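Chains as they are written, first to last, in the UniProt record's numbering: chain A, 1 to 418; chain B, 1 to 739.
Quick reminder that beta carbons are idealized off the backbone N, C-alpha and C, glycines included.
For clarity, every value in this text was computed on a predicted model and none was experimentally measured.
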């Protein structure tokens, strides 16, 4: 299925390759570089490229390209998902999925790739099973290893390989039994010039961190399960039970995993927590323009909005910007023409604003269109859809676990047009 | 950089590996080995220390073993004689008490990829298949496939295959999936693994125990199974229901495809399934992973071909946001223009209008073309937007708008008036060849309604010497001649100048010939010019003016969840054809020339095209001469050897068919004229042994099928079969091209 994998950095160096079947020459990547050149911007390289003998399916993550070489027809989603899984695993093991991290841990990377694929087919990809096969590197462990000389590989086979439930290993034991759930919602929205919502949607996930001994059987219920539109489930969830009772009933994997993901898309349910007042204007036949934006809270359910960042891609004719923020700090990169304003928290008494002058290239025609504002923010302790966990029950084990639920709302692709 | 001093590094490492002090210190020993691996991954040739590394594999340290195995697999093809020494250690490790070591050793041994290793790995693999640890069994099962590849010949070990089939009942789900994968590879020559009822039901019952990769692959394998009864079919569909809600998009798509294929006789079930996966698909379209978004969007477009209204209420999902990569934006724009309907047309057009002024010229142009294609249904609104865009006086916008106008007045003549009013002034903002051609064409065809048309063309004539594109000059010639017919007084002089220039000074042959042609045409007389230039503009049989008909779900169900939606059917066919041709090799000129003649070789037929020459039994003689009399006599004297009915939808063109048949050396003796219903044709062909094939094609449009009757002067079933398959391929291909 997957013949070979090449890791390529932004400047076009192939810094790692792995072949599962016969060795495919690096020159196959020339087709990829050709496409990259044609795309001008690295972001725009198409994910599927065909060459005379192979197909190249690639993903772009954290400034790295994962390029897989395929020789036969395959479901493209399958390969893309797998590549993301590889990147996720690197992230998980090394804390970041960067060229430096991969090069530093190249031996572990090879070990991982060897276990994740055999003969081109995915084998072990669950993080908790992999971690038993290959221990992740930690500073502490490398110190201990260097003293005791012990290895970073498990000497025994992962017991999970033998249990009847493929996602959970048998004989799990913890001294503190805990089950934590994070409800994370992201708002994707497009707001038009006048401040009305063109499109808004919530993408939510519930991530779980379960450290429970034995074979616990959990059921999680919500106050308002009807809210959820399209739900996709981790394979451990009993689908029939959800269909009939709207309760999530499952034997959880051990450790961290994504329990469900869902969407809330009916627009009247999606609250927009911030508003932006803006006036951006460029004068005809003059080399300057005005820039003025103010951010304020809208439907924030009484919570503080924090971690606000505004990013604006200014038109090409903008030479420089001379602005004063009332709060936070701003930077303007004259090469990429990106303005970034790190705002921080909103305090309703004094709304943060950023205003000043824009210097334009003299003689150039005034830009046709005002730039769009991309906004990032975060609200703790709130699921903007109003989703609430009702209770978590555990069956099959005797002990009392410690339970917790955390809510957080973030901006996804949140865009304000001006 | 180590690249420079590679020999020194090898020497130094070699010394370190041999040093008994280092060997005694586990940690230091391992560090040296790690360094070897590190250099190896940087592309340095480390094969010089092979012997020392083989020695290092005899250790209890698993990490060290792993590293050494990794090293061996990389360099074994380079040093096969030395690698044979390592096999001993590997064989011993295959019976280690630790299952992890057994598995590792077996996997490394199977991956050595050097000739002669087969005889050593056979026994360990067979032992591995019966190992009590599932980890080892998984490795061993895939090892079977690797061993088969090493053999290189098509000989299939029956006992091994049986063993693998029985391992499908293994309790470990990954062993089961690996068995499927392995069997598929081993039995490739015979068309892959056969899924019969017990296997299908067994797999279906194990589905929930598999991981997402396994599920996706099993769903793919299940496509081969055809349920016997309706009841069984619906049982299967019920079992698979929950996979439509899986967290993994790959599984969802796999399940959807299986539903679509299984329920191919129940259109309402298909529609129902597509409604149910709407949610997951839309979720994938806004997934964090841009690559997933892209592929999902391609599939959305595919579905829209059959169910145009399917995503209309979700049109806002397909609005582009600024930060998305281009390939996603372009897909979204395509989707938008396909899902437009009476309710959302206003919003969609407003949105597209916004994209037209995007910083990226490519994207802006794509948006304008999209408005142009919506204009075929909602003409007035779109023409108004396009006219406004001209007011921006931007070069890249104007040229595309004018091109859109050109296509539009041809497809929707009712908008001609509005377009003609918008055109004056455009010429100042057009520099590229495509745009100029479009503008000149419009001025030529509709010049009588544009007051300043002759003056604009005059500018072009003035500057014709500095014009760099021959296509523009050709267009100019035609346009000016047309305009001359409707406004002779204003054009005569410059037409003369242009013709003079083209004939006397122009260097490009095509332009010069066109000039000469018009000059001579004018000599014949003005009526003749009119007859040639102003004859009916388009042939309705081309079908361009009609809306593309909705395609039934079944026409693309088999392409779902493959690379076809990503590329579009026609491009995919060319790509896969290249791949097919490569595999065929150059020694088959007959098939490859045939493949080149038709732009499309559908997947299933492609296989057959290749099969025919492989069998080697059928070689049709080129240029067979047969008189109609002789044909008739032979036809009447023979009995029908084979009769068959092929599906055939809609119109067709006898000429194309005749040409295609010619390519594979089947001659047409006689056929009805185009358009006759029912339509008949008589074909003849002869193979190299002198066996004659006479064929009657009977097309009955009312049943939308093509009946084929073949007669043969010698009874030989083998060649008959090959002949029929050639014929089927040709007809299938033509059918495909047409749709």
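- Item | Meets three-Cβ-pair contact criterion under 8 Å: the segment 320 to 329 of chain A and the segment 251 to 265 of chain A | As far as the Cβ criterion goes, the segment 320 to 329 of chain A does not touch the segment 251 to 265 of chain A, which means the pair count is below three.
- Query: Under the rule that 16 or more other beta-carbon atoms within 10 Å means buried, what is residue 293 (chain A), buried or exposed?
  - Reply: buried
- Query: If we ignore side chains and look at the alpha-carbon of each, how far apart do residue 140 (chain B) and residue 69 (chain B) end up?
  - Reply: Spanning the alpha carbons of residue 140 (chain B) and residue 69 (chain B) requires a straight line of approximately 17 Å.
- Compute the Euclidean distance between the alpha carbons of residue 379 (chain B) and residue 415 (chain B), then round it to the nearest angstrom. 7 Å
- residue 642 (chain B) - DSSP class collapsed to helix/strand/coil: strand
- Cutoff 8 Å: residue 326 (chain B) Cβ touching any chain A Cβ: True, the Cβ-Cβ gap to chain A drops below 8 Å.
- Task: Could you spell out the range, first to last residue, of the beta strand (DSSP E) harbouring residue 289 (chain A)?
- Result: First-last of the beta strand (DSSP E) with residue 289 (chain A): 288 to 297.
- Query: Going along chain A in order, which residues have a C-beta closer than 7 Å to the C-beta of residue 280 (chain B)?
  - Reply: Neighbours of residue 280 (chain B) on chain A, chain order: 230 and 232.
- Query: For residue 209 (chain A), which beta-bridge partners are listed by DSSP?
  - Reply: Under DSSP, the beta-bridge partners assigned to residue 209 (chain A) are A:180 and A:256.
- Query: In terms of residues, what are the limits of the alpha helix (DSSP H) holding residue 221 (chain B)?
  - Reply: 212 to 222
- Message: Whole angstroms are fine: how far does the CA of residue 227 (chain B) sit from the CA of residue 541 (chain B)?
- Response: For residue 541 (chain B), the predicted structure reports a pLDDT of 46, less than 50, and the residue's modelled location is therefore unreliable. A value from the coordinates is still provided. Cα to Cα, residue 541 (chain B) sits roughly 42 Å from residue 227 (chain B).
- Message: Taking a contact to mean a Cβ-Cβ separation below 8 Å, would you say residue 32 (chain B) touches residue 44 (chain B) in this structure?
- Response: no
- Message: Cβ closer than 7 Å: which chain B residues qualify as neighbours of residue 372 (chain A)?
- Response: Under the 7 Å cutoff, chain B gives 322.
- Task: Could you check how far apart the C-beta atoms of residue 184 (chain A) and residue 204 (chain A) are, in whole angstroms? I think they sit under 8 Å.
- Result: 7 Å
- Item | Nearest candidate by alpha-carbon position, reference residue 485 (chain B), set B:467, B:508, B:455 and B:534 | B:534
- Message: If I measure Cβ to Cβ from residue 298 (chain A) and keep anything under 7 Å in the same chain, skipping five residues before and after, which residues do I get?
- Response: 272, 273, 274 and 275
- So, do the segment 39 to 54 of chain A and the segment 309 to 328 of chain B have three or more beta carbon pairs nearer to each other than 8 Å? yes
- Task: Note down, in chain order, every chain A residue with its Cβ under 8 Å from the Cβ of residue 34 (chain B).
- Result: 107
- Message: With distance defined between alpha-carbon atoms, name the residue in B:218, B:202, B:57 and B:321 nearest to residue 423 (chain A).
- Response: Since the displayed chain A opens at 1 and closes at 418, residue 423 (chain A) lies outside it and no answer follows.
- Message: Which residues of the segment 405 to 423 of chain B have a Cβ closer than 8 Å to any Cβ of chain A? Give them in chain order.
- Response: none
- Item | Contact residues within the segment 288 to 314 of chain B, judged by C-beta distance below 9 Å to chain A | 288, 289, 290, 291, 292, 294, 295, 296, 298, 299 and 314
- Item | Beta-ladder partner(s) of residue 186 (chain A), from DSSP | Beta-bridge annotation (DSSP): residue 186 (chain A) is paired with A:203 and A:410.
- Would you verify that the beta carbon of residue 174 (chain B) is, or is not, closer than 8 Å to some beta carbon of chain A? yes
- Decide if residue 396 (chain A) is buried, meaning its Cβ has at least 16 other Cβ atoms within 10 Å, or exposed. exposed
- Message: Is residue 55 (chain A) close to chain B? Criterion is C-beta to C-beta, closer than 8 Å.
- Response: yes
- Query: Should residue 86 (chain A) be flagged as near chain B, meaning a C-beta pair shorter than 8 Å?
  - Reply: Not one chain B Cβ lies under 8 Å of residue 86 (chain A).
- Distance between residue 630 (chain B) and residue 639 (chain B) (C-alpha atoms, nearest Å): Approximately 16 Å, taken between the alpha carbons.
- Apply the 10 Å Cβ neighbour rule to residue 374 (chain B) and answer buried if 16 or more other Cβ atoms are within range, or exposed otherwise. buried
- Please confirm if residue 146 (chain B) has its CB atom under 8 Å from at least one CB of chain A. yes
- Between B:303, B:73, B:563 and B:356, which lies nearest to residue 22 (chain A) when the distance is taken from Cα to Cα? B:73
- Query: In or out: residue 19 (chain A) buried (at least 16 other Cβ within 10 Å) or exposed?
  - Reply: buried
- Message: Need the endpoints of the beta strand (DSSP E) that residue 341 (chain A) sits in, please.
- Response: 338 to 344
- Query: Residues of chain A with a CB under 7 Å from the CB of residue 249 (chain B): which are they?
  - Reply: 77 and 81
- What's the call for residue 314 (chain B), buried or exposed, on a 16-neighbour Cβ count within 10 Å? buried
- Task: Give the residues from the segment 1 to 17 of chain A that approach chain B closer than 7 Å (Cβ to any Cβ), ordered along the chain.
- Result: 16
- Message: Quick check: is the beta carbon of residue 44 (chain B) nearer than 8 Å to any beta carbon in chain A?
- Response: no
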